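Protein chains in written order, with this note's numbering: chain U, 1 to 410; chain H, 411 to 820; chain C, 821 to 1230. Glycine residues also receive a C-beta, built at the ideal position from the N, C-alpha and C atoms. Computed from a predicted model, the values in this text were never measured in an experiment. The structure under discussion appears below in the form of structure tokens.
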Amino acid sequence: KVSGRVHVDGWGFADSDDNISIFNGGGDVDDALDPQNRLGFRRLRFGVKGDIKDNMIYKIEMEFAGGNDSEFRDAYLGWEELPFLQTLLIGNQKRPYGLDHLNSSRFNVFIERPFVIESFNQDARRLGIASYGYDDAQLFNWRYGVYNQRNVQSLGNYIDDHLQLELTGRLASTPWYDEVSGGRGYAHFAISGTVADTDPDAINGNEARFRSRPEARSSGRWIDTGRIASADAFQMMGVEAVINLGALQLVGEYQTMNVDRIDGFSDANLDGGYVYASYFLTGEHMPWDRKSGTLARITPFQNFWSVRRCDGGVERGWGAWQVAVRYSTADFNDGVINDGVFGGQGDAWTFGLNWYWNPNARMQFNYINGQIANRIVSDPADPPAPAGPLDNTLQTGDYSIYGVRFMVDF
Amino acid sequence: KVSGRVHVDGWGFADSDDNISIFNGGGDVDDALDPQNRLGFRRLRFGVKGDIKDNMIYKIEMEFAGGNDSEFRDAYLGWEELPFLQTLLIGNQKRPYGLDHLNSSRFNVFIERPFVIESFNQDARRLGIASYGYDDAQLFNWRYGVYNQRNVQSLGNYIDDHLQLELTGRLASTPWYDEVSGGRGYAHFAISGTVADTDPDAINGNEARFRSRPEARSSGRWIDTGRIASADAFQMMGVEAVINLGALQLVGEYQTMNVDRIDGFSDANLDGGYVYASYFLTGEHMPWDRKSGTLARITPFQNFWSVRRCDGGVERGWGAWQVAVRYSTADFNDGVINDGVFGGQGDAWTFGLNWYWNPNARMQFNYINGQIANRIVSDPADPPAPAGPLDNTLQTGDYSIYGVRFMVDF
Amino acid sequence: KVSGRVHVDGWGFADSDDNISIFNGGGDVDDALDPQNRLGFRRLRFGVKGDIKDNMIYKIEMEFAGGNDSEFRDAYLGWEELPFLQTLLIGNQKRPYGLDHLNSSRFNVFIERPFVIESFNQDARRLGIASYGYDDAQLFNWRYGVYNQRNVQSLGNYIDDHLQLELTGRLASTPWYDEVSGGRGYAHFAISGTVADTDPDAINGNEARFRSRPEARSSGRWIDTGRIASADAFQMMGVEAVINLGALQLVGEYQTMNVDRIDGFSDANLDGGYVYASYFLTGEHMPWDRKSGTLARITPFQNFWSVRRCDGGVERGWGAWQVAVRYSTADFNDGVINDGVFGGQGDAWTFGLNWYWNPNARMQFNYINGQIANRIVSDPADPPAPAGPLDNTLQTGDYSIYGVRFMVDF
């Protein structure tokens, strides 16, 4: 079976402070890079999946939005119907750090993911072996596995004697699910966590690096801890909750990360979270998948433009309309200069409008207003003494961004 | 539905003047590069397309002939059966600059496209939104849209505050179509044009750059205006006509381009065209698609080698044989040295022989004899004064090339 | 039809001498590179193949294990049922140098191929035109063709006036095939050879370069002749034999290569071979394809884990288990220093265990113990006189490696 998706995005960086250009360029004053508007493909994927008799499955999905630089996404083989382990997959697959990255980009309410989700679980997929399961009553679902922390989607292999493994898991529950209405009401709660062994001696650096774009598609990461020096291990813990009441959905997540450091550096603690509310003006609801604990496919009451009736006639339809607002925050600062971590503190509001044309296609509008505060900035052109005005100081900038996406999946 | 094509090409640069090596290297004497013979893949594509209920469509087709460097080609989503707009597509799609680039490489009579077509509409596809339509009687068909002028097939995105938009359209008519013979006789006429706003301040330069290989696959472009300095806008106008009389087809196109320049530079005018005649020795004809105003799939009377008869027997067949000759010209020179544009003047005759094995496969032979005249050449090794013999002078070279292609599509 | 495969590999370089690091880095002391463990994708392929009425076929298969760097593999068009030529393919396809590279990686007994196979026929596929045939009694099968020697899977084209063609063929026989038992007993014998015209003047060097990894996936080639200076031609001859007796299979190949050199250099002779025995503990056998003279798909008596019975019940199964041992040798040294070739002499034992889960999936374990002897090493940091201890000397190193592969194909 061939599947895929097309996401065409436009982003406008309406307004931003000068410091934002420094953050966008990587934190050095010399590399400051004014964020540029953008028009193009965010995702252009297709691939194959299927099953092998009697109980194996496989999937390869390629991302071609990079043009010359293809990357793989889901790429695994595995078994279903195993005792105890249920589904077991080996290969490139999403790490279960909380909810928002497990939700497919096909179903997520906002165009891009929140700071803390993007930072702690950058690009989500890693090479690993993981078990996926749920109980018969669909009250609980879980997934857990061992992953190597390096993203190999662009190289294909991790070539290093220093493996950087982690043990990651998520346990979710759907304590309320209104079967009668077809799932228009439900509650979800989950905890997730990872215990990761980073290696400061790894050839291309340790994997304790947490960074995020501004919940929009910019060239640089506006929050960025860099590779945290002498990071020897980290532990992440997350909690998440969803309440759905018909057309209204309320979602919140909080994640906290502790980084153990050696060579005399102090440990660092980073955290963040988000809450959002979404509402269908046209009365639909966000469906829920109780086997995976994630959002499911949204079906408008009426498709956009042509609706073929059973009697052979054609009606006009206007699709489904949804509004949403999100508040997201992340604090990636901890400690004192020359010892601590100063990736920056992000706070942003996102206002969204989604127009669903049919179950496989929609358009999304986002307006984002946010601030990155107290990110460390360096000014290499200044000599160490006397330090220049921007040398190793904490800087702050505000921004506003608008974005639009056209999307189909198949 | 999965579709694609395989084109295997061989090119031999039989004979060329020394100046051709300078043109092939980019116009600097120091970079002169003798054109080398070539053997490999010209196109190696596959992808997926389909429809989404009730009236949406999508397509992704990848080009893998570059080996490590994949690129996308058609990559869009859209609607059919819309009021007024009929078919509306968003994404990477061909700009309607005249006929020859709208014709699929699967059906085109010659291996490579004429100078003016390749130059004004390099690689044809751009990110845009376009409407495609035709009238019920199939007397008229049209397409028009707004495109960003940068080709993003290798990068995926245009990242620049300076959008370079254009409004492009083509209106075509099929005033004569002989239904009785199944379309063995028809006449087609069309006009096309674009109004393009180039931006001299764009990060990677303005899009007023017009260049072409010698209607064969060379490393360099033998006609090349470079990015025309201070180009602020351009307008293209094209006319085209096709007459088909059974096995004989006559085709001609002419296009003219005006480039508006600022900073005190004179405007530049470039133009070119081609005519060709093709004839099926075996009596078939070139079919026409009246909904898009382009060549359609050619069906031999007998497939090559095995022809399964209705009675279960097998006959031998020799496919279809077609001969063709094309004259192509382009004048990309205008003005005086240090102010004008001197991309060169191309004139070439191409002689073609096509052997169609079945509706999806054929072999093509081309012999090309041409001249590139008065292209500006620089000699950086010479100091500005006294200027060397090749410094900022207009040079001319003759060449002859032969090519062969093996092709299937599926 | 869409097909493909997923191979996930892990390699551990358990133990190796210091000289191995020098070989792994390319033979210069300054570039010594300790072999690093590896985890990732060895093959991640999918593509399309099909037939075109009445008697044409095509195939495109892409390799995406390189992440950003896609490559094509089989990419051809062709005919079946031709008189005399039988099947004729044009495009990228395997050269018939002996058995082990013609065997699919889906069916081969060991994870990686032997020294001599990898070296003489690196990456196996080349652009060419080749005929494939067999007689009605399936006693003989053959393939022969003309290929260009440069691998174009990463670039797509060979751009060079200096073609480097070769004429290659293989004639195989299956003198014994036990039809009654469904092919549990058979004998195969074949000879293969090539006559290759390399060109010392080719832009990117001549194609007389023979090199191999240590029958495992390392970064560098541990045996490597480099491009043999002034190589003007080479001729390869190989013999191969297979005996299958139920669960037991015995296989051996020997290949010898003569390199003709000009400019006063002596000709060089390289050779190598391997033998292996494999045995199914669970009683299955290695099937044989008498039309191509290669291994065919292995079918376990019972699939792993779930076996659906005809009566609708489910049984548990443990798949098929196979053990194997291989001895491989290659001698790529010939002549005297400053005139001869000193790519090194490899000898290795590989012990394998294969767990077949079903006809399309299996797991492989390999343990390798080997030695690379007398490879020439240079020490650029040493001045020519007095020569340093490692300057232009022949060095030897031992190693042991373990590997594991998870594999599905579809």
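Within 8 Å (strictly less), CB to CB, does V146 (chain U) reach chain H? Indexing the first sequence from 1 puts residue 146 (chain U) at position 146. With a threshold of 8 Å between beta carbons, V146 (chain U) makes no contact with chain H.
Verify the CB distance criterion: does F711 (chain H) have a CB-CB separation below 8 Å to chain C? The count along the second sequence starts at 1 and reaches residue 711 (chain H) at position 301. It does not; no Cβ of chain C falls within 8 Å.
Between H:F599, H:L577, H:E576, which has its C-alpha nearest Y587 (chain H)'s C-alpha? Residue numbering aside, residue 587 (chain H) sits at position 177 when the second sequence is read from its first letter. For the residues H:F599, H:L577, H:E576, the minimum Cα distance to Y587 (chain H) belongs to H:F599.
Taking Cβ-Cβ distances below 8 Å as the criterion, which residues of the stretch 890-901 of chain C are in contact with chain H? Under the 8 Å Cβ criterion, the stretch 890-901 of chain C contributes S890, E891, F892, A895, Y896, L897, W899, E901.
With a threshold of 8 Å between beta carbons, is S716 (chain H) in contact with chain C? Numbered from its first residue, the second sequence carries residue 716 (chain H) at position 306. True, the Cβ-Cβ gap to chain C drops below 8 Å.
D642 (chain H) by DSSP, collapsed to three states: which one? Sequence index remark: in the second sequence, residue 642 (chain H) carries index 232 (1-based). Note: D642 (chain H) maps to strand in three-state DSSP.
Where does the unbroken alpha helix (DSSP H) through V936 (chain C) begin, and where does it stop? What you label residue 936 (chain C) is simply residue 116 of the third sequence in a count that begins at 1. Residues 935-940.
Is F456 (chain H) close to chain C, meaning its C-beta is less than 8 Å from at least one C-beta of that chain? Position 46 of the second sequence, counting from 1, holds the residue named residue 456 (chain H). At a cut-off of 8 Å between C-beta atoms, F456 (chain H) counts as an interface residue with respect to chain C.
Going by DSSP, what residue range makes up the beta strand (DSSP E) through I432 (chain H)? Looking up residue 432 (chain H) in the second sequence gives position 22. No beta strand (DSSP E) holds I432 (chain H); the alpha helix (DSSP H) holding it covers 428-435.
To which residues of the same chain is S810 (chain H) closer than 6 Å at the C-beta, ignoring the five residues directly before and after it? Numbered from its first residue, the second sequence carries residue 810 (chain H) at position 400. Taken in chain order, the residues that qualify are A424, D425, N779.
Under 9 Å from the C-beta of A639 (chain H): neighbouring residues of chain C: Walking along the second sequence from the start, residue 639 (chain H) turns up at place 229. Chain C residues near A639 (chain H): none, gap ~31 Å exceeds 9 Å.
Using the three-state DSSP reduction, which class does D851 (chain C) fall into: helix, strand or coil? Your numbering for residue 851 (chain C) matches position 31 in the third sequence. Helix at D851 (chain C).
Give the secondary structure of R107 (chain U) by DSSP, where H, G and I count as helix, E and B as strand, and everything else as coil. Locating residue 107 (chain U) in the first sequence gives position 107, counting from the first residue. First, the amino acid is wrong: residue 107 (chain U) is Phe here, not Arg. Three-state DSSP puts F107 (chain U) in coil, outside helix and strand.
Return the Cβ separation of F410 (chain U) and Y468 (chain H) in integer angstroms, given the expectation that the two are a contact with Cβ distance under 8 Å. The residue given as residue 410 (chain U) occupies position 410 in the first sequence. The residue given as residue 468 (chain H) occupies position 58 in the second sequence. That pair is a contact at about 6 Å.
Using C-beta distances below 6 Å, list every residue in its chain close to Y158 (chain U), excluding the 5 sequence neighbours before and after it, in chain order. For the purposes of this step, residue 158 (chain U) is taken as the residue at position 158 of the first sequence. Around Y158 (chain U): N148, R150, V152.
If you pair each beta-carbon of the stretch 674-685 of chain H with each one of the stretch 745-757 of chain H, do three or more pairs fall below 8 Å? Under the Cβ criterion (8 Å, minimum of three pairs), the stretch 674-685 of chain H counts as touching the stretch 745-757 of chain H.
Anyone know if the C-beta pair for Y766 (chain H) and W698 (chain H) falls short of 8 Å? Mapped onto the second sequence, residue 766 (chain H) falls at position 356. Mapped onto the second sequence, residue 698 (chain H) falls at position 288. Result no, Cβ atoms of Y766 (chain H) and W698 (chain H) do not sit closer than 8 Å.
How would you label N502 (chain H), buried or exposed, when you count the other beta carbons within 10 angstroms and need 16 or more for buried? As a first step, residue 502 (chain H) must be located in the second sequence, where it is residue number 92. It is buried - the Cβ of N502 (chain H) has at least 16 other Cβ atoms within 10 Å.
Indicate whether at least one CB of chain C lies closer than 8 Å to the CB of R505 (chain H). Locating residue 505 (chain H) in the second sequence gives position 95, where the first residue counts as 1. Under the Cβ distance rule, R505 (chain H) does not count among the residues neighbouring chain C, no pair being separated by less than 8 Å.
Name, please, each residue of chain H whose Cβ falls closer than 8 Å to the Cβ of L975 (chain C). Counting from one through the third sequence, the residue named residue 975 (chain C) turns up at place 155. Against chain H, the beta carbon of L975 (chain C) has neighbours under 8 Å at G450, G476, G477, N478, listed in chain order.
Quick check on this structure: which residue in U:A361, U:L88, U:S105 has the alpha carbon closest to the alpha carbon of R42 (chain U)? Position 42 of the first sequence holds residue 42 (chain U). In terms of CA proximity to R42 (chain U), U:S105 leads the group U:A361, U:L88, U:S105.
Neighbour-count burial assignment, F1152 (chain C), 16 or more Cβ in a 10 Å radius: Taking the third sequence and counting its residues from 1, the one referred to as residue 1152 (chain C) is at position 332. By the neighbour-count rule (16 or more Cβ atoms within 10 Å), F1152 (chain C) is buried.
I need the straight-line Cα distance from Y1074 (chain C) to A657 (chain H), nearest angstrom please. Working through the third sequence from its first residue, we reach residue 1074 (chain C) at position 254. Working through the second sequence from its first residue, we reach residue 657 (chain H) at position 247. Answer to the nearest angstrom: the Cα atoms are 58 Å apart.
Can you list, in chain order, the residues of its chain whose CB lies under 7 Å from that of N360 (chain U), leaving out five sequence neighbours each side? The residue you call residue 360 (chain U) lines up with position 360 of the first sequence. Hits under 7 Å: V408, D409, F410.
May I have the straight-line CA-CA distance separating S1012 (chain C) from G555 (chain H), to the nearest angstrom? Here residue 1012 (chain C) corresponds to residue number 192 of the third sequence, with the count starting at 1. Here residue 555 (chain H) corresponds to residue number 145 of the second sequence, with the count starting at 1. Going by the C-alpha atoms only, they are around 59 Å apart.
Could you tell me which chain U residues have their CB closer than 8 Å to the CB of G543 (chain H), listed as they occur along the chain? Reading the second sequence from its first residue, position 133 is the one you call residue 543 (chain H). The contacting residues do not exist; G543 (chain H) stays about 16 Å from chain U at best.
Presumed contact (8 Å Cβ cut-off) between N447 (chain H) and D981 (chain C), rounded CB distance: Working through the second sequence from its first residue, we reach residue 447 (chain H) at position 37. Working through the third sequence from its first residue, we reach residue 981 (chain C) at position 161. Taking a contact as a CB-CB distance under 8 Å, the pair N447 (chain H) and D981 (chain C) counts as one, their CB atoms being some 5 Å apart.
Chain-ordered residues of the stretch 428-447 of chain H with a beta carbon less than 7 Å from chain C: Answer in chain order: Q446, N447.
Under 7 Å from the C-beta of I1269 (chain C): neighbouring residues of chain H: There is no way to answer for residue 1269 (chain C), as the model of chain C reaches only from 821 to 1230.
Can you list the beta strand (DSSP E) stretches of 3 or more residues lying completely in the stretch 1071-1115 of chain C, in chain order? Every beta strand (DSSP E) of 3 residues or more that sits fully in the stretch 1071-1115 of chain C is shown, in chain order, as 1088-1100.
Compare the C-beta of L1237 (chain C) against all C-beta atoms of chain H and say whether one is closer than 8 Å. With chain C running from 821 to 1230 in the structure shown, residue 1237 (chain C) is simply not present.
Under 8 Å by Cβ, that's how I've got F412 (chain U) and D199 (chain U) pegged, so tell me the actual separation to the nearest angstrom. Residue 412 (chain U) is absent from the structure shown; chain U starts at 1 and stops at 410.
Local conformation of Q153 (chain U) per DSSP, three classes: Here residue 153 (chain U) corresponds to residue number 153 of the first sequence, with the count starting at 1. Residue state, collapsed to three classes: coil.
Work out the CA separation of A65 (chain U) and R483 (chain H) for me, nearest whole Å. By 1-based counting over the second sequence, the position of residue 483 (chain H) is 73. By 1-based counting over the first sequence, the position of residue 65 (chain U) is 65. Approximately 11 Å, taken between the alpha carbons.
Contact residues within the stretch 151-182 of chain U, judged by C-beta distance below 9 Å to chain C: Cβ contacts with chain C come from V152, Q153, S154, L155, G156, N157, Y158, I159, D160, D161, H162, L163.
For the beta strand (DSSP E) containing F336 (chain U), name the first residue and the last one. As a position in the first sequence, residue 336 (chain U) is number 336, starting the count at 1. It is worth fixing the name first, because residue 336 (chain U) is Val in this sequence and not Phe. It is not in any beta strand (DSSP E) - V336 (chain U) carries neither H nor E in the DSSP assignment.
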